[in-house]
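Contents: one structure, followed by commentary.
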Amino acid sequence: MLTEEKQPILSIRDLNIWYGDKQILRDLSFEVQQRQVTAFIGPTNCGKSTLVRCINRLNDFTPNFRSIGEILFKGSHLHEASDATALRKQIGMVFRKPTLFRCSIYENVAYGAQIAGVNQSEHLDIIVEKNLQKTGLWDEVEDILDETPEQLSTGQQQLLCIARALAVDPEVLIFDEPCGELDPIETVKIETLVRDLTNEYTLIFATNKRRQAARVSDVAGFLYGGELIEFGATEKIFTNPQDNRTEQYVTGRLG
Amino acid sequence: MNAMTTRAERKQKFVLQGIPFIIFGIAAIPIWKALKKTDAADMQVVSPNVLSMLLNDLYILLSVSCLAILLGIVCAFYLEEWLPKNNWARRLIESHVAILTSIPSTLYGILAISIFFSYAGTLKVIDGAPPAQNTESIPFQRNTTLFCGEVLTFIFMVTPVTIKTTQEALRSVATPVREAVFALGASQWQVLRQHVVPIAFIRILAGGCRAMSRAFATAALLIGIYIWYDTTDAGGMSGRFILFLAVSLFLSVFSSSLTEVYDSDLTQRS
Ligand SMILES: Nc1ncnc2c1ncn2[C@@H]1O[C@H](COP(=O)(O)OP(=O)(O)O)[C@@H](O)[C@H]1O
Ligand SMILES: [Mg+2]
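Protein chains in written order, with the working numbering: chain A, 1 to 255; chain B, 256 to 525.
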């Protein structure tokens, strides 16, 4: 049992990625442990989004995208998984810009559960309430569930996106700069939530704010120039980095 | 309560999605009838009732363009949503669509000559001078070949424009929306049916209508030309007519191939 817990939920080996002829990532290898926050830091355009989007195979739709290397999710190869939609139900994602559907708040949250096959309205009611409560949004939207999410603040919209992703019941949740469009107060809310979610989920968190990574993550990786310069416990990365470039980045002299 | 609204809205959506099928049904019936009716016995029969004849023609052309629009929409969905981005078939079809849409609608008159002649029969009846058992007028009346000509004309005029406008409508549904749906584990089909189509629906419809109006304008113009052509000296006029058409055709194909080169340059550079 104990050894099973130690098994990484995701392992990536020698991952290389190109867009057309341009190589974006070079020989990446790392492992993601269950129920932890694994953060990727690095300057803009260093390939954080590209990396995390490989994990739920969202890059499949990008023309010119090409990758070699292995990504194993719970021991099985990602590229051999015939069904990317089934994979995406297990690995959810929250984007930088909250994108909600043109329907009610209730339907936004219920949508993922519906396409996963939940149809009974009582079940949907329970799922919607449970996940809105997990994100701490329930009290604010309880009375306006039938209205569109446009009236919500950006921070609330992002929380709603998180609730929507949780309603699919994933095991892993990817955050790609979730606070990129938010003000500091809203950012704190998201960060607190991310910490809380580690009780149930495995989280992958891409950000270009180093302090944010230091606050939320257990493990961090520094991406620079297409390479994973350093990967390890967050504390170590930020207090005792092994690589010169990592030190320069975390102290603000690089990137 | 939530479930109630969801159910009501689902019903509404269901009705909306029925519209294309209703259009298709309306379109299919008269074409089927016309195909069944136009056998050898009908060849020489021209309805003496001009109004009903015109309405009948209008009805058939409306149905044909509805079918052409549906064909265009299906093609556009296939190109935009299923074919890979740099697939050779996609490039081939798109460059042809670009040429076909850039041709001025008047030029489709060449193809539409069949419409022209089928109306000629009607116009003779208006004049009150029924074509005596004159062998020359027989090919000018509606028969299956001419009807197929009409269908082809409308398909050539309407379908490429619809393909283009539908593609534009589909592209207008931003990538973040699609990615948000995909990230929840939706299939390609669910993304299309539940998100892309509802957003793009109006634009697709508007594009189809625009294409149809273009086709009808051309048909009307041709009838006008025929009347004019019938009453003046044909010799010199038809020579000029054909020359103008040839120049216009050359220029439109040339300009569309120029934009094609320009476009592919742009995409290569970016
Ligand atoms: N679809 C694409 N086609 C070509 N190049 C791309 C595409 N998406 C991203 N890139 C390039 O890949 C690099 C990494 O981008 P990205 O992963 O978005 O970085 P980050 O998220 O760290 O800011 C950038 O240089 C970007 O220009
Ligand atoms: Mg990014």
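All residues carry an ideal CB built from backbone N, CA and C; glycine is no exception.
Check, Outcome
"Close-in-space but distant-in-sequence residues of the same chain around E129(A) (CB under 8 angstroms, 5 per side omitted)", "W138"
"V216(A) versus L228(A), V188(A), L223(A) and Q242(A), residue with shortest Cα-Cα distance", "V188(A)"
"Best match in I41(A), G75(A), A110(A) and V118(A) for proximity to Q248(A) [C-alpha to C-alpha]", "I41(A)"
"Ligand 1 heavy atom lying under 6 angstroms from the CB of T38(A)", "no"
"Where S318(B) falls, given that 16 or more other Cβ within 10 Å makes a residue buried", "buried"
"Cβ pair I115(A), Q445(B) closer than 7 angstroms", "yes"
"is_contact[P43(A), chain B] using C-beta, thresh 7 angstroms", "no"
"Beta carbon proximity, Q422(B) to chain A, threshold 7 angstroms", "no"
"Length of the line joining the Cα atoms of N119(A) and R13(A)", "39 angstroms"
"Beta-ladder partner(s) of G221(A), from DSSP", "F40(A) and F231(A)"
"Cutoff 7 angstroms: G180(A) Cβ touching any chain B Cβ", "no"
"Helix, strand or coil at L137(A) according to DSSP, with G and I counted as helix", "coil"
"Counted within 10 angstroms of its Cβ, other Cβ atoms place K340(B) as buried (16 or more) or exposed", "exposed"
"The region 36-51 of chain A / the region 221-238 of chain A touching (three or more Cβ pairs under 8 angstroms)", "yes"
"beta-carbon K419(B) near ligand 2 non-hydrogen atom, thresh 6 angstroms", "no"
"Inter-stretch contact (C-beta, 8 angstroms, three-pair minimum) for the region 422-430 of chain B and the region 48-60 of chain A", "no"
"Any non-hydrogen atom of ligand 1 within 6 angstroms of K48(A) CB", "yes"
"Heavy atom of ligand 1 within 6 angstroms of I204(A) beta-carbon", "no"
"DSSP three-state assignment for K340(B), whether helix, strand or coil", "coil"
"8 angstroms Cβ cut-off: residues of chain A touching H450(B)", "F101"
"F238(A), DSSP secondary structure in three states", "helix"
"Residues that V168(A) contacts on chain B, provided the C-beta gap is smaller than 7 angstroms", "L439 and G440"
"Check: T19(A) C-beta below 6 angstroms from any heavy atom of ligand 1", "Sequence inspection shows Tyr at residue 19(A); the Thr mentioned does not correspond to that position. Yes."
"I24(A) CB to nearest heavy atom of ligand 1 below 6 angstroms", "yes"
"Check whether L425(B) and E335(B) have beta carbons under 7 angstroms apart", "yes"
"I324(B) vs T473(B) beta-carbon contact at 7 angstroms", "no"
"Residues of the region 182-204 of chain A whose Cβ lies closer than 8 angstroms to any Cβ of chain B, in chain order", "none"
"beta-carbon T207(A) near ligand 1 non-hydrogen atom, thresh 6 angstroms", "no"
"Residues that DSSP places opposite N16(A) in a beta bridge", "I68(A)"
"C-alpha distance - S320(B) paired with T207(A), whole-angstrom precision", "52 angstroms"
"E107(A) classed as buried or exposed, judged by whether at least 16 other C-beta atoms fall within 10 angstroms", "buried"
"Proximity test, Cβ basis, 7 angstroms: R35(A) and chain B", "no"
"Distance between L439(B) and D143(A) (C-alpha atoms, nearest Å)", "25 angstroms"
"For D21(A), three-class secondary structure by DSSP", "coil"
"Chain A residues whose Cβ lies nearer than 7 angstroms to that of V432(B)", "T99"
"Environment of T421(B) [buried if 16+ CB atoms lie within 10 Å]", "buried"
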